[in-house]
Structures are given as C-alpha cells and as structure tokens.
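Protein chains: 2
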Amino acid sequence: MSNQEKAKVYQEVLEQIRQFIDENKLSPGDRLPSERYLSETLNAGRSSVREALRAIELLGIIETKHGEGTFLKEYRPFNTVSLLSTFILHESKTKEELLQVKMLLEQSAARLAMECLKEDDCKALLEITRENRTMNERHFYFFYYLLKMSGNQLFLKIWQLVEEFTRTVHNIDYDKSMYENLIMALKNKKQKDTEKIILQLYKL
Amino acid sequence: MSNQEKAKVYQEVLEQIRQFIDENKLSPGDRLPSERYLSETLNAGRSSVREALRAIELLGIIETKHGEGTFLKEYRPFNTVSLLSTFILHESKTKEELLQVKMLLEQSAARLAMECLKEDDCKALLEITRENRTMNERHFYFFYYLLKMSGNQLFLKIWQLVEEFTRTVHNIDYDKSMYENLIMALKNKKQKDTEKIILQLYKL
DNA sequence: ATTCCAAAATGGTCAGACCACTACTAGACT
DNA sequence: AGTCTAGTAGTGGTCTGACCATTTTGGAAT
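Note that the protein sequences, when read in sequence, are chains A and B. Mapping of the first sequence onto my numbering: position 125 corresponds to residue 125, and the numbering continues sequentially without gaps. For my numbering, add 1000 to where a residue sits in the second sequence, where the first one is 1.
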C-alpha cells in the first residue's frame, strides 16, 4: 500500500536519533542518551538501538567511548569513504556520474566566488596553486578556498562529500597549468571562461 | 601499540564479510551466508554479525530480504549521500544557504539539460507548466523532468534531497510566468538567460 | 581537603527465545 | 500422473537477560 513498506526498527530508531540531535541542537562533542535509555524511551530492544548506532558510527557521524557514552562527532567524510572503497566494485556509470556532479558543483562554486572575489583572494589562490602538493590536494584546497570564501557552508559540505567520494573511485589528473588561467578568468569575471576551464580540468 | 587499538567485533566481522565477497568473487545479486552461519564460522554473536550487516545495508552495499537472505547489491552512492544529507541538512544552517544551494543546483540542471534538450522535451515541459498544480509541485516536476532527462541519477538525488528539505523549511512563491521564458531560453541555448531567469524565480 | 575504593552507569558481547516471511517438500486429492 | 495444499525448515527481525570491561561518581577513611 504505502511506499513506506514496513520500516525496520533500527531505521526508525535512526530517524528518532536524528530528530533528537536536531531538536536538542546537539553539536559535535555533545553526548547522546545511553543505549539503555534510548531502548526504553523508543520502545525498542537494545540490540535494535545498537544496530542503528553502529550504522551511523560506521558513517562517521558518531563516536562511542567504552564506559563513557556515545558522542556526536564532527563529520569527516574520510571514514565513510575509505570504508566504501573496499567494497565498491568499480562501476563505470557511477564514476561518470560522480565526476559530472563534482564538475557541476565546481562550476557553480566558481560562479559564486566570482561575485565576492577580492585581490587578496587571488593572491591566496595563486599561492595554493604554487604550493608543492599532489594534484588532488591542490585541487581540493583551491576549491575549498573558493567555497569557504563564498560563505555557503552547506554548499561546502555537499561539495566535500562528493569530492571525497570521487577520490575513492578514481584519481583524477588535473592539469596544473589550468589553475592560473582559472584565476585570471575569475578575476575578470568571465563566467563562460571559468566554466570552460573547469570542464577541461576533467577532460583528460 | 598498534594503530588498531582493539577493533570491535562488528568491525572484524565487516572485514571478514568483505574478504568473503572478494574471495568468492560475489557479484551484485549473489547471496551472502546467513547470519547464523556467519555467527558460527566467525566466532561472533549473531547480534555482532547483525550490527555489521545493518551498517553496510544502510550504506546500500547489501540488501536483505526477510525469509530469503542477504544479497549483494549494485552499489550506488545515492543511499549514502542521501543518508548523510539528512544529517548534514538538518544541522544546517540558514534558510538563505539552503535556498542558494537549491538555486545553484537548478542552474546547473538547466545547463546540463540544455545539451540534450529535444523538441519533445520542450513540449513536455510546457505541458508541466500548464497543468493545474500548486506552485511548489509545478516547480518540482519541472526540474524533476529536466534532471531525469539529463540522466545523472546522483545529481537528481542530491537536488531532490535539497528540494524536499527546502519545502519543510519554507514555501517559496515561484513566479509562474517565468517558466515559459525559461523553456524558450533553454531551447535557444541561452545559458546566461536561463541562469538569470532561475535567479529571478527566487527573487520574490 | 585529599585519597582511595566500591558502586553505578555505560558500552561490548553473547545466547536464547520467539515472531514473520519465504521456499520447498511430502502427502493428499483429483 | 499431475496438481494442490499444508506442513516444515531456513532465513531475517526483534526482544530480553545476562555478563564483561571501562569510566565516572560519590562516599568513606585518612
């Protein structure tokens, strides 16, 4: 009948936990209720509660400390992603979609950044491109700076997520020389150019 | 001593399962051993085995069918992304950020769609704008069509998540008359125009 | 006030019981 | 023989209770 099917208990618990975090405005480092308490208040067995907790622990959203409790964690995609990489059978379609989304996000990031780019920012960006890093790191810090500058934290998180995912699936060869062109295009507010350059970054 | 600390049982089980998949060269659709069997052969309680299975089920790596068994699934990042999004989105942020991300995604969607828009698609879109729906629904179906057409499921999923969440936070008044302009701009491949129009949709 | 140890609280793990669902099979019926 | 059906075995889904290991807490002894 409903598209809900019947949710498993652990999934409902998951949702409840999420809501709890939301309603109580928990921040990273804050403690969650104990497993036994959750079990009682949510009318679920402790094992079901644990299934939910283990799942989001694996995602890197929470952290448990024996004898202390369960704590909200500052989310870092790395955990998830390194785990996934051990499972993923390299599906080409998935890879393509990931790369395309990443590129689209970065084009948007550039568009956004163009509006508030200052002279100092250009210098900082130039600095980043010249630092001695791997291609992946350089690329990461470049766009990380752009997004940080734009001030939209949500967008930043989404991009980070996709970025991390992409890394597990594939190492991209970004063309180093493109970045300086990109900075120029940004400075001169040539939107079309920035988009083309970013597209080319992926065209190898 | 070791960087391993003491791995929890469920994490070891996880590793064993991964190895099992690897060694037996399981493909999507293949069945994994039953929980009870794993429990015995891995010297772990069934609950620990379940914690491991639930975790990777949530990630979308496996799928369980009541009464049948546990099956390997073709992994797509959607589940993971959407799962993480529910945490990331709720922890966020300001309404402005949310709307901005939504708008940026839709601008990208338009850019993407422009490349493969056909005459029939224009008709379909026109149809959508003329159907008698609420503003939110019209907007939703319009971009849903665009994204579906573009064929990137991951992007579709990300947009859907943001779109859905936006609704819970705020009802937007989209200007109905804009959509026909938007279709024209798409058809004529005027990227700048499409972006402007989408921006205006949010400028009320 | 300080120190120290027992108790409480918490997560980690296991075993067993029972339910719900699915697939299979032996037996009854035609 | 073929078909239908009811029972059964195997599987995931869930709960409960027990016990261990670790950390915190609070009170007693100094």
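All residues carry an ideal CB built from backbone N, CA and C; glycine is no exception.
Cβ neighbour criterion (16 or more within 10 Å) applied to Ala-7 of chain A: Position 7 of the first sequence, counted from the start, is the residue given in the question as residue 7 of chain A. Classified as exposed, Ala-7 of chain A has fewer than 16 neighbouring CB atoms from the shown chains inside 10 Å of its CB.
Inter-stretch contact at 8 Å, needing at least 3 Cβ pairs: the stretch 174–185 of chain A / the stretch 143–162 of chain A: Contact fails: fewer than three Cβ-Cβ distances are below 8 Å.
Same chain, Cβ closer than 7 Å to Phe-201 of chain A, five either side skipped, listed in chain order: Reading the first sequence from its first residue, position 201 is the one you call residue 201 of chain A. In the sequence as presented, Phe is not what sits at residue 201 of chain A; that position holds Leu. Scanning its chain for C-beta atoms nearer than 7 Å, with the 5 sequence neighbours on each side dropped, one finds around Leu-201 of chain A the residues Tyr-174, Asp-175, Met-178, in chain order.
Span separating the alpha-carbon of Arg-138 of chain A from that of Ser-92 of chain A: For the purposes of this step, residue 138 of chain A is taken as the residue at position 138 of the first sequence. For the purposes of this step, residue 92 of chain A is taken as the residue at position 92 of the first sequence. Going from the Cα of Arg-138 of chain A to the Cα of Ser-92 of chain A covers about 25 Å.
Lys-1192 of chain B, DSSP secondary structure in three states: Residue 1192 of chain B sits at position 192 when you count from the first residue of the second sequence. For Lys-1192 of chain B, the secondary structure class from DSSP, reduced to helix, strand or coil, is helix.
Chain B contact for Ala-44 of chain A (CB, 7 Å cutoff): For this step, residue 44 of chain A is matched to residue 44 along the first sequence. No, no contact with chain B.
Run of the beta strand (DSSP E) containing Glu-1063 of chain B, from where it starts to where it stops: Within the second sequence, numbered from 1, the residue matching residue 1063 of chain B stands at position 63. Note, Glu-1063 of chain B: beta strand (DSSP E), 1062–1065.
Expected contact under 8 Å - CB spacing of Thr-80 of chain A and Arg-1018 of chain B to nearest Å: Along the first sequence, one-based indexing puts residue 80 of chain A at 80. Along the second sequence, one-based indexing puts residue 1018 of chain B at 18. Not confirmed; about 15 Å, so no contact.
Contacts around Arg-36 of chain A, its chain only, beta-carbon distance under 8 Å, and the 5 residues preceding and following it disregarded: Position 36 of the first sequence holds residue 36 of chain A. Here the set comprises Arg-46.
Proximal residues to Val-166 of chain A (C-beta, below 6 Å), its chain only, five neighbours per side dropped: By 1-based counting over the first sequence, the position of residue 166 of chain A is 166. Checking the sequence shown, residue 166 of chain A turns out to be Thr, not Val. Excluding residues up to 5 positions away in sequence, Leu-98, Lys-102 lie with their Cβ nearer than 6 Å to the Cβ of Thr-166 of chain A in the same chain.
Sufficient close CB pairs (3 or more, under 8 Å) joining the stretch 69–77 of chain A to the stretch 1059–1072 of chain B: When Cβ pairs closer than 8 Å are counted between the two stretches, the stretch 69–77 of chain A is seen not to touch the stretch 1059–1072 of chain B, the count staying below three.
Chain A contact for Glu-1068 of chain B (CB, 7 Å cutoff): In the second sequence, residue 1068 of chain B corresponds to position 68, counting from 1. No, its Cβ sits nowhere closer than 7 Å to a Cβ of chain A.
Partners in chain B for Asn-188 of chain A, counting only beta-carbon separations shorter than 8 Å: As a working mapping, residue 188 of chain A is identified with position 188 in the first sequence. Neighbours of Asn-188 of chain A on chain B: none; closest Cβ ~16 Å, over 8 Å.
Cut-off 6 Å between Cβ atoms - residues of its own chain near Ser-1150 of chain B, not counting five sequence neighbours on either side: The residue given as residue 1150 of chain B occupies position 150 in the second sequence. Sequence-distant partners of Ser-1150 of chain B (beyond 5 residues in either direction) whose C-beta falls short of 6 Å from its own C-beta, in its chain, are Leu-1112, Ala-1113.
Rounded C-alpha distance that separates Thr-1168 of chain B from Glu-1023 of chain B: On the second sequence, residue 1168 of chain B is found 168 positions in, with the first residue counted as 1. On the second sequence, residue 1023 of chain B is found 23 positions in, with the first residue counted as 1. A direct Cα-to-Cα measurement between Thr-1168 of chain B and Glu-1023 of chain B gives close to 46 Å.
Arg-1031 of chain B - partner residues in DSSP beta bridges: For the purposes of this step, residue 1031 of chain B is taken as the residue at position 31 of the second sequence. DSSP output for Arg-1031 of chain B lists B:Phe-1071 as bridge partner(s).
Ile-197 of chain A at chain B interface by Cβ criterion, 7 Å: Against the first sequence, residue 197 of chain A aligns to sequence position 197. With 7 Å as the cut-off, Ile-197 of chain A does not count as an interface residue toward chain B.
Beta-carbon proximity check, Leu-1032 of chain B vs Val-1049 of chain B, cutoff 7 Å: What you label residue 1032 of chain B is simply residue 32 of the second sequence in a count that begins at 1. What you label residue 1049 of chain B is simply residue 49 of the second sequence in a count that begins at 1. Contact flag unset, no.
Helix, strand or coil at Thr-1041 of chain B [DSSP, three-state]: Indexing the second sequence from 1 puts residue 1041 of chain B at position 41. Collapsing the DSSP output to three states places Thr-1041 of chain B in a helix.
Proximal chain A residues relative to Ala-1055 of chain B, where beta-carbon distance stays under 7 Å: What you label residue 1055 of chain B is simply residue 55 of the second sequence in a count that begins at 1. Here the neighbours are Arg-54, Ala-55, Leu-58.
Minimum Cβ-Cβ distance from Glu-97 of chain A to chain B less than 7 Å: Position 97 of the first sequence, counted from the start, is the residue given in the question as residue 97 of chain A. Yes, contact with chain B.
Contacts that Glu-1051 of chain B makes with chain A (C-beta to C-beta distance below 7 Å): Residue mapping note: residue 1051 of chain B aligns to position 51 of the second sequence, counting from 1. Near Glu-1051 of chain B (Cβ distances below 7 Å), the residues of chain A are Arg-50, Glu-51, Arg-54.
Chain A contacts made by the stretch 1004–1026 of chain B, where a contact means CB separation under 7 Å: For the stretch 1004–1026 of chain B, the set of positions with a beta-carbon nearer than 7 Å to some beta-carbon of chain A reads Tyr-1010, Arg-1018 in chain order.
Minimum Cβ-Cβ distance from Leu-1126 of chain B to chain A less than 7 Å: Here residue 1126 of chain B is taken as the residue at index 126 of the second sequence, counted from 1. Residue-level contact check: Leu-1126 of chain B does not touch chain A, since none of the beta carbons of chain A fall below 7 Å from its beta carbon.
Nearest residue (CA-CA) to Glu-12 of chain A, options A:Leu-42, A:Ser-34, A:Lys-25, A:Pro-28: Looking up residue 12 of chain A in the first sequence gives position 12. Glu-12 of chain A has its Cα closest to that of A:Leu-42, out of A:Leu-42, A:Ser-34, A:Lys-25, A:Pro-28.
Chain B contact residues for Thr-80 of chain A, given Cβ-Cβ distances below 9 Å: Translated into the one-based positions of the first sequence, residue 80 of chain A becomes position 80. Within chain B, the C-beta atoms nearer than 9 Å to that of Thr-80 of chain A come from Leu-1059, Thr-1080, Leu-1084, in chain order.
Residues that Asn-1181 of chain B contacts on chain A, provided the C-beta gap is smaller than 9 Å: As a working note, residue 1181 of chain B is residue 181 in the second sequence. Scanning chain A for C-beta atoms nearer than 9 Å to the C-beta of Asn-1181 of chain B yields nothing, as the closest lies near 20 Å away.
Per-residue contacts from Phe-143 of chain A into chain B (C-beta, under 7 Å): Taking the first sequence and counting its residues from 1, one reaches residue 143 of chain A at position 143. The premise fails here: Phe-143 of chain A is roughly 14 Å from chain B at the closest Cβ pair, so nothing lies under 7 Å.
Spatial distance of Ile-1172 of chain B from Phe-1155 of chain B (CA atoms): Residue mapping note: residue 1172 of chain B aligns to position 172 of the second sequence, counting from 1. Residue mapping note: residue 1155 of chain B aligns to position 155 of the second sequence, counting from 1. Going by the C-alpha atoms only, they are around 22 Å apart.
Where Phe-1155 of chain B meets chain A, residues with beta-carbon distance less than 8 Å: Within the second sequence, the letter at position 155 stands for residue 1155 of chain B. Correct list: Glu-97, Gln-100, Val-101, Leu-104.
Reduced DSSP secondary structure (H/G/I, E/B, other) of Arg-1133 of chain B: Your numbering for residue 1133 of chain B matches position 133 in the second sequence. The answer is coil: DSSP assigns Arg-1133 of chain B none of H, G, I, E or B.
Three-state secondary structure assigned by DSSP to Arg-206 of chain A: Since the first residue of chain A shown is 1 and the last is 204, residue 206 of chain A is not available in this structure.
Whether Phe-142 of chain A touches Ile-128 of chain A by CB criterion (7 Å): If you number the first sequence from 1, residue 142 of chain A lands on position 142. If you number the first sequence from 1, residue 128 of chain A lands on position 128. Yes. Within cutoff.
Rounded C-alpha distance that separates Ile-198 of chain A from Lys-192 of chain A: For the purposes of this step, residue 198 of chain A is identified with residue 198 of the first sequence, where counting begins at 1. For the purposes of this step, residue 192 of chain A is identified with residue 192 of the first sequence, where counting begins at 1. Rounded to whole angstroms, Ile-198 of chain A and Lys-192 of chain A show a C-alpha spacing of 10 Å.
Residue nearest to Ile-1088 of chain B in terms of C-alpha spacing, selected from A:Gln-153, A:Asn-132, A:Thr-134, A:Ala-124: If you number the second sequence from 1, residue 1088 of chain B lands on position 88. It is A:Gln-153 whose Cα lies nearest to the Cα of Ile-1088 of chain B.
Limits of the unbroken alpha helix (DSSP H) element including Arg-1076 of chain B: Taking the second sequence and counting its residues from 1, the one referred to as residue 1076 of chain B is at position 76. Counting along the chain, Arg-1076 of chain B falls outside any alpha helix (DSSP H), and DSSP gives it neither H nor E.
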